[in-house]
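Take any residue in the sequence shown, note its place counting from 1, add 59, and you have its number in our numbering.
Ideal Cβ positions, reconstructed from N, Cα and C, are used throughout, including at glycine.
This one's a predicted model, so the numbers in the text were calculated from it and none came from an experiment.
Take a look at the structure below.
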Amino acid sequence: MSLLTRALRLLIYTMLPIGGLLAILRVPIVEVLFPAFDPKAVEQTASTLLFFVVGLAAHALIAILARAFYARQDTRTPVAAAILAVVINSSLAFAFVGPLGLPGLALAIAVAAWVEAIVLVWLL
């Protein structure tokens, strides 16, 4: 098994449980970190955190996959994938912020991160 494969497996095996715990405990976490928030602010922040958690593993994958491309002396592919992610993120943020509000921005970031991670895996 290659070093990259082992790193990706370790990443998935650690990020998924951490993401699950963050998703389950998001409301108590927000209440502890921001005790001055009223219930509406806690709910909005917890919803935003949930959508950020959706993209947590993708962001970690991108960091490792980009380094794999750099090790191959390929800096263009990660940059192209990142530009694609920025375009997707901007488009989805514009589309999601109306119906979802602030959590829509987090969802747009998560979706764009997964697209970037999938593109990098596919091109590796």
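Assuming residue i and residue j make a contact with CB atoms under 8 angstroms, what is their CB distance in whole Å?
i: Leu166; j: Phe153; result: That pair is no contact at about 12 angstroms.
i: Ala171; j: Ala130; result: So it is not a contact: roughly 24 angstroms between Cβ atoms.
i: Ala105; j: Val86; result: 5 angstroms
At the level of alpha carbons, what is the spacing between residue i and residue j?
i: Arg126; j: Ala176; result: 12 angstroms
i: Glu90; j: Thr107; result: 14 angstroms
i: Gly163; j: Ala141; result: 20 angstroms
i: Ser61; j: Leu67; result: 10 angstroms
i: Pro65; j: Trp173; result: A small fix is needed here, since residue 65 is Arg in this sequence, not Pro. Roughly 20 angstroms between the two C-alpha positions.
i: Val146; j: Phe96; result: 33 angstroms
i: Met74; j: Leu63; result: 16 angstroms
i: Gln132; j: Gln103; result: 43 angstroms
i: Leu124; j: Ile71; result: 13 angstroms
i: Leu179; j: Ala116; result: 14 angstroms
i: His118; j: Gly79; result: 16 angstroms
i: Ala82; j: Leu92; result: 15 angstroms
i: Leu161; j: Ala139; result: 27 angstroms
i: Pro76; j: Ser149; result: 29 angstroms
i: Pro94; j: Gly157; result: 28 angstroms
i: Leu159; j: Leu151; result: 11 angstroms
Considering only residues of the same chain and omitting the five flanking positions on each side of residue i, which have a CB-CB separation below 6 angstroms?
i: Phe128; result: Thr136 and Pro137
i: Ala169; result: Phe110, Val113 and Gly114
i: Leu182; result: Thr136
i: Leu69; result: none
CB-CB under 7 angstroms to residue i, same chain, minus the five flanking residues each way: which ones, in chain order?
i: Ile121; result: Ala172, Glu175, Ala176 and Leu179
Suppose the cutoff is 8 angstroms on Cβ atoms and the five residues either side in sequence are ignored; what does the same chain contact list for residue i look like?
i: Thr134; result: Phe128
Exercise. Ignoring anything shorter than 3 residues or poking outside the region 91-177, list the beta strand (DSSP E) runs there in chain order.
Key: none
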